[in-house]
Amino acid sequence: MTGTAVRAAHVFLLALLALGGQALAQADEAQPEVTDPHFQIAPGYLKQSDLPNSLMLLGPPPETGSAALARDEEARSATIPLRNTERWKLAHADADLAFPQAADHFSCAMGVRIDSGQTPRLYAMMQKMLSDFGLSTYGVKNKYNRVRLFVVHNEATCRADQEAILRSDGSYPSGHTAAGWGWALVFAQINPERSDALLKRGIEFGQSRVVCDAHWQSDVDAGRIMGAATVARLQTDPTFLADLEAVKAEVKAAKQVPSVSECAAEAAALSER
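Mapping of the sequence shown onto mature numbering (1 follows the signal peptide of the UniProt record, and there is no 0): residues -25 to -1, 1 to 248, in sequence order.
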(Lines of atoms letter the chains of each structure in order from A and count residues from 1; the text may use other names and numbers.)
(Lines give C-alpha, C1' and ligand atoms only; values in the text may rest on other atoms or scores of the structure.)
Protein backbone atom coordinates (compact mmCIF):
# COMPACT_ATOMS: atom_id res chain seq x y z
CA MET A 1 0.00 0.00 0.00
CA THR A 2 1.37 3.40 -0.95
CA GLY A 3 1.91 6.19 1.58
CA THR A 4 -1.04 8.06 0.13
CA ALA A 5 -3.28 5.02 0.47
CA VAL A 6 -2.14 4.48 4.06
CA ARG A 7 -2.93 8.08 4.94
CA ALA A 8 -6.34 7.80 3.27
CA ALA A 9 -7.11 4.62 5.20
CA HIS A 10 -6.01 6.31 8.42
CA VAL A 11 -8.29 9.26 7.78
CA PHE A 12 -11.15 6.91 6.98
CA LEU A 13 -10.56 4.97 10.22
CA LEU A 14 -10.54 8.17 12.25
CA ALA A 15 -13.80 9.22 10.62
CA LEU A 16 -15.38 5.89 11.54
CA LEU A 17 -14.20 6.24 15.12
CA ALA A 18 -15.59 9.76 15.28
CA LEU A 19 -18.94 8.62 13.95
CA GLY A 20 -18.95 5.73 16.39
CA GLY A 21 -18.25 8.07 19.28
CA GLN A 22 -21.02 10.37 18.12
CA ALA A 23 -23.42 7.44 17.92
CA LEU A 24 -22.49 6.36 21.45
CA ALA A 25 -23.02 9.89 22.70
CA GLN A 26 -26.41 10.03 21.04
CA ALA A 27 -27.33 6.66 22.55
CA ASP A 28 -26.20 7.90 25.95
CA GLU A 29 -28.45 10.93 25.55
CA ALA A 30 -31.46 8.89 24.45
CA GLN A 31 -34.50 10.02 26.37
CA PRO A 32 -36.69 7.47 28.14
CA GLU A 33 -40.29 7.13 27.07
CA VAL A 34 -42.00 9.93 28.99
CA THR A 35 -45.77 9.62 29.25
CA ASP A 36 -46.46 12.71 31.37
CA PRO A 37 -46.04 15.88 29.24
CA HIS A 38 -45.45 18.00 32.36
CA PHE A 39 -41.88 16.73 32.44
CA GLN A 40 -41.12 18.05 28.96
CA ILE A 41 -42.05 21.71 29.52
CA ALA A 42 -38.46 22.94 29.21
CA PRO A 43 -34.99 21.38 28.78
CA GLY A 44 -33.52 20.50 32.17
CA TYR A 45 -30.14 21.39 33.60
CA LEU A 46 -28.81 17.84 33.43
CA LYS A 47 -27.99 15.58 30.52
CA GLN A 48 -29.72 12.22 30.57
CA SER A 49 -26.42 10.54 31.45
CA ASP A 50 -25.99 12.84 34.46
CA LEU A 51 -29.38 12.17 36.03
CA PRO A 52 -29.49 9.86 39.07
CA ASN A 53 -30.28 6.31 38.00
CA SER A 54 -33.53 5.14 39.58
CA LEU A 55 -32.75 1.57 38.53
CA MET A 56 -29.76 1.66 40.88
CA LEU A 57 -31.35 3.67 43.69
CA LEU A 58 -34.75 2.00 43.98
CA GLY A 59 -35.91 -1.55 44.32
CA PRO A 60 -39.11 -2.89 42.79
CA PRO A 61 -42.54 -1.74 44.02
CA PRO A 62 -44.25 -3.75 46.76
CA GLU A 63 -45.33 -7.25 45.80
CA THR A 64 -48.79 -8.70 46.19
CA GLY A 65 -49.30 -9.99 49.73
CA SER A 66 -46.30 -8.11 51.13
CA ALA A 67 -46.22 -6.01 54.30
CA ALA A 68 -45.20 -3.06 52.14
CA LEU A 69 -48.35 -3.36 50.05
CA ALA A 70 -50.44 -3.66 53.22
CA ARG A 71 -48.88 -0.36 54.35
CA ASP A 72 -49.87 1.17 51.00
CA GLU A 73 -53.46 0.02 51.52
CA GLU A 74 -53.51 1.42 55.05
CA ALA A 75 -52.27 4.79 53.78
CA ARG A 76 -55.02 4.82 51.15
CA SER A 77 -57.68 3.96 53.71
CA ALA A 78 -56.50 6.77 55.98
CA THR A 79 -57.12 9.34 53.23
CA ILE A 80 -60.64 8.23 52.31
CA PRO A 81 -62.28 10.57 54.87
CA LEU A 82 -60.47 13.49 53.20
CA ARG A 83 -62.26 13.08 49.89
CA ASN A 84 -64.34 16.12 48.89
CA THR A 85 -62.85 18.14 51.78
CA GLU A 86 -60.65 21.22 51.55
CA ARG A 87 -57.60 18.92 51.69
CA TRP A 88 -58.98 17.06 48.66
CA LYS A 89 -59.36 20.38 46.84
CA LEU A 90 -55.75 21.26 47.67
CA ALA A 91 -54.65 17.88 46.30
CA HIS A 92 -56.59 18.76 43.14
CA ALA A 93 -54.59 21.99 42.86
CA ASP A 94 -51.27 20.28 43.69
CA ALA A 95 -51.84 17.82 40.82
CA ASP A 96 -51.40 20.70 38.36
CA LEU A 97 -47.78 20.84 37.20
CA ALA A 98 -48.57 23.18 34.31
CA PHE A 99 -47.32 26.75 34.57
CA PRO A 100 -48.23 29.31 35.85
CA GLN A 101 -50.17 27.30 38.47
CA ALA A 102 -47.17 25.10 39.29
CA ALA A 103 -45.08 28.11 40.21
CA ASP A 104 -47.63 29.30 42.74
CA HIS A 105 -47.84 26.12 44.82
CA PHE A 106 -45.02 27.25 47.10
CA SER A 107 -45.80 30.98 47.27
CA CYS A 108 -47.26 30.84 50.78
CA ALA A 109 -44.39 28.76 52.09
CA MET A 110 -41.84 31.02 50.39
CA GLY A 111 -43.53 34.17 51.68
CA VAL A 112 -43.41 35.82 48.25
CA ARG A 113 -45.51 35.43 45.12
CA ILE A 114 -43.72 33.14 42.68
CA ASP A 115 -44.64 34.12 39.11
CA SER A 116 -43.11 35.09 35.78
CA GLY A 117 -43.45 38.82 36.52
CA GLN A 118 -41.91 39.21 39.96
CA THR A 119 -39.58 36.19 40.06
CA PRO A 120 -38.82 35.35 36.41
CA ARG A 121 -35.51 33.64 37.19
CA LEU A 122 -37.10 31.38 39.79
CA TYR A 123 -40.05 30.73 37.48
CA ALA A 124 -37.71 29.56 34.70
CA MET A 125 -35.57 27.61 37.16
CA MET A 126 -38.62 25.68 38.36
CA GLN A 127 -39.48 24.67 34.81
CA LYS A 128 -35.97 23.42 34.11
CA MET A 129 -35.77 21.49 37.37
CA LEU A 130 -39.18 19.95 36.73
CA SER A 131 -37.78 18.15 33.68
CA ASP A 132 -34.82 16.85 35.67
CA PHE A 133 -36.99 15.61 38.53
CA GLY A 134 -39.50 13.95 36.26
CA LEU A 135 -36.97 12.27 33.98
CA SER A 136 -35.09 10.86 36.98
CA THR A 137 -38.07 8.60 37.74
CA TYR A 138 -38.65 7.04 34.34
CA GLY A 139 -36.09 4.22 34.46
CA VAL A 140 -38.07 2.45 37.18
CA LYS A 141 -41.43 3.77 35.95
CA ASN A 142 -40.94 2.15 32.57
CA LYS A 143 -39.43 -1.05 33.93
CA TYR A 144 -42.24 -1.93 36.32
CA ASN A 145 -45.16 0.12 34.94
CA ARG A 146 -46.97 -0.22 38.26
CA VAL A 147 -50.75 0.09 38.07
CA ARG A 148 -52.23 3.12 39.86
CA LEU A 149 -54.26 2.50 43.00
CA PHE A 150 -57.37 4.19 41.60
CA VAL A 151 -57.30 1.67 38.74
CA VAL A 152 -56.83 -1.27 41.12
CA HIS A 153 -59.74 -0.08 43.29
CA ASN A 154 -61.86 1.10 40.33
CA GLU A 155 -62.23 4.60 41.78
CA ALA A 156 -61.91 8.19 40.63
CA THR A 157 -59.03 10.53 41.44
CA CYS A 158 -59.27 14.17 42.43
CA ARG A 159 -58.45 15.03 38.78
CA ALA A 160 -60.72 13.29 36.28
CA ASP A 161 -59.05 15.31 33.51
CA GLN A 162 -55.69 13.61 34.17
CA GLU A 163 -56.84 10.02 34.54
CA ALA A 164 -56.29 9.04 30.90
CA ILE A 165 -52.59 9.96 31.22
CA LEU A 166 -52.27 8.32 34.62
CA ARG A 167 -53.66 5.01 33.38
CA SER A 168 -50.78 4.65 30.93
CA ASP A 169 -48.07 6.20 33.13
CA GLY A 170 -46.31 3.97 35.66
CA SER A 171 -47.25 4.72 39.25
CA TYR A 172 -43.87 3.96 40.87
CA PRO A 173 -42.10 6.24 41.67
CA SER A 174 -44.18 9.42 41.80
CA GLY A 175 -42.87 12.10 39.45
CA HIS A 176 -45.09 14.74 41.06
CA THR A 177 -43.53 13.93 44.42
CA ALA A 178 -40.00 14.02 43.02
CA ALA A 179 -40.76 17.51 41.70
CA GLY A 180 -42.42 18.78 44.87
CA TRP A 181 -39.72 17.48 47.20
CA GLY A 182 -36.93 18.56 44.87
CA TRP A 183 -38.36 22.06 44.58
CA ALA A 184 -38.74 22.27 48.37
CA LEU A 185 -35.10 21.31 48.95
CA VAL A 186 -33.87 23.95 46.51
CA PHE A 187 -36.28 26.56 47.86
CA ALA A 188 -34.88 25.93 51.34
CA GLN A 189 -31.47 26.83 49.95
CA ILE A 190 -32.86 29.97 48.37
CA ASN A 191 -34.73 31.14 51.46
CA PRO A 192 -33.28 29.33 54.50
CA GLU A 193 -35.22 31.49 56.94
CA ARG A 194 -38.39 29.77 55.70
CA SER A 195 -36.88 26.32 55.24
CA ASP A 196 -39.20 24.56 57.70
CA ALA A 197 -42.32 25.90 56.01
CA LEU A 198 -40.93 25.08 52.56
CA LEU A 199 -39.93 21.54 53.48
CA LYS A 200 -43.27 20.93 55.16
CA ARG A 201 -45.05 22.09 52.01
CA GLY A 202 -42.83 19.79 49.98
CA ILE A 203 -43.82 16.83 52.14
CA GLU A 204 -47.51 17.66 51.83
CA PHE A 205 -47.17 18.16 48.08
CA GLY A 206 -46.20 14.50 47.82
CA GLN A 207 -48.91 13.38 50.22
CA SER A 208 -51.43 15.12 47.99
CA ARG A 209 -50.84 12.32 45.51
CA VAL A 210 -52.13 9.77 48.02
CA VAL A 211 -55.03 12.04 49.03
CA CYS A 212 -55.86 12.42 45.32
CA ASP A 213 -55.99 8.60 44.97
CA ALA A 214 -53.41 8.89 42.19
CA HIS A 215 -50.41 7.21 43.89
CA TRP A 216 -49.58 4.56 46.44
CA GLN A 217 -47.64 5.71 49.52
CA SER A 218 -44.58 3.74 48.43
CA ASP A 219 -44.67 5.64 45.09
CA VAL A 220 -44.48 8.88 47.07
CA ASP A 221 -41.67 7.63 49.31
CA ALA A 222 -39.64 6.57 46.26
CA GLY A 223 -40.39 9.88 44.53
CA ARG A 224 -38.79 11.75 47.42
CA ILE A 225 -35.64 9.67 47.03
CA MET A 226 -35.37 10.58 43.36
CA GLY A 227 -36.13 14.25 44.02
CA ALA A 228 -33.38 14.43 46.65
CA ALA A 229 -30.92 12.52 44.47
CA THR A 230 -31.54 14.91 41.60
CA VAL A 231 -31.02 17.95 43.83
CA ALA A 232 -27.72 16.47 45.01
CA ARG A 233 -26.61 16.09 41.39
CA LEU A 234 -27.72 19.65 40.55
CA GLN A 235 -25.30 20.97 43.18
CA THR A 236 -22.44 20.08 40.83
CA ASP A 237 -23.89 21.80 37.76
CA PRO A 238 -22.34 25.27 37.12
CA THR A 239 -25.38 26.66 35.32
CA PHE A 240 -27.69 25.62 38.12
CA LEU A 241 -25.38 27.08 40.77
CA ALA A 242 -25.19 30.40 38.93
CA ASP A 243 -28.98 30.50 38.65
CA LEU A 244 -29.28 29.62 42.33
CA GLU A 245 -27.28 32.67 43.38
CA ALA A 246 -29.24 34.95 41.05
CA VAL A 247 -32.55 33.59 42.36
CA LYS A 248 -31.52 34.17 45.98
CA ALA A 249 -31.12 37.87 45.21
CA GLU A 250 -34.35 37.93 43.22
CA VAL A 251 -36.41 36.41 46.04
CA LYS A 252 -34.79 38.69 48.61
CA ALA A 253 -35.81 41.72 46.53
CA ALA A 254 -39.36 40.49 45.86
CA LYS A 255 -42.12 42.72 47.23
CA GLN A 256 -45.40 41.05 46.24
CA VAL A 257 -46.59 38.49 48.79
CA PRO A 258 -49.54 36.08 48.72
CA SER A 259 -52.67 37.21 50.52
CA VAL A 260 -53.20 36.36 54.17
CA SER A 261 -56.56 34.78 53.36
CA GLU A 262 -55.26 32.37 50.72
CA CYS A 263 -52.36 31.26 52.93
CA ALA A 264 -54.73 30.80 55.87
CA ALA A 265 -56.97 28.66 53.67
CA GLU A 266 -54.00 26.57 52.56
CA ALA A 267 -52.85 26.09 56.16
CA ALA A 268 -56.36 25.04 57.19
CA ALA A 269 -56.57 22.51 54.38
CA LEU A 270 -53.18 21.05 55.30
CA SER A 271 -54.25 20.68 58.92
CA GLU A 272 -57.10 18.30 58.00
CA ARG A 273 -56.32 14.73 58.95
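Where a beta carbon is used, it is the ideal one built from N, C-alpha and C, also for glycine.
query                                                                                                                                                                                         : result
Out of curiosity, what's the CA-to-CA distance linking G150 and I140?                                                                                                                         : 13 Å
Just the Cα atoms here: how many angstroms apart are V235 and D144?                                                                                                                           : 37 Å
Just the C-alpha distance for F162 and V87, rounded to the nearest angstrom, thanks.                                                                                                          : 12 Å
Mapping the DSSP letters down to three states, classify G86 as helix, strand or coil.                                                                                                         : coil
Run through the stretch 21 to 84 for me and flag every whole beta strand (DSSP E) of 3 or more residues, listed as ranges in chain order.                                                     : none
How far does the alpha helix (DSSP H) with E205 in it reach, from first residue to last?                                                                                                      : According to the sequence displayed, residue 205 carries Thr and not Glu. Taken as a continuous stretch (DSSP letters only), the alpha helix (DSSP H) holding T205 covers Q192 to L209.
CA-CA distance, G177 and G40?                                                                                                                                                                 : 30 Å
Could you check whether the stretch 80 to 98 touches the stretch 225 to 242, counting it as contact only if at least three pairs of C-beta atoms, one from each stretch, sit closer than 8 Å? : yes
Please state whether DSSP places E8 in a helix, a strand or coil.                                                                                                                             : coil
Please report the residue range of the alpha helix (DSSP H) in which P213 lies.                                                                                                               : P213 to A228
Who are the near neighbours of Q231 in its chain, counting only those whose CB is closer than 6 Å to its CB and skipping five residues on each side?                                          : R88 and Q93
Taking Cβ to Cβ, would you say S183 is nearer than 8 Å to A153?                                                                                                                               : no
Do D226 and L97 have their CB atoms nearer than 8 Å?                                                                                                                                          : A quick correction: the sequence has Val, not Asp, at residue 226. Taking 8 Å as the Cβ cut-off, V226 and L97 qualify as a contacting pair.
So, using beta-carbon positions, are M100 and G157 closer together than 8 Å?                                                                                                                  : no
Alpha carbon to alpha carbon, how far is A217 from R208?                                                                                                                                      : 15 Å
Is the separation between the beta-carbon of P148 and that of V186 shorter than 8 Å?                                                                                                          : no
In or out: P18 buried (at least 16 other Cβ within 10 Å) or exposed?                                                                                                                          : exposed
I need the DSSP call for A239, collapsed to helix, strand or coil.                                                                                                                            : helix
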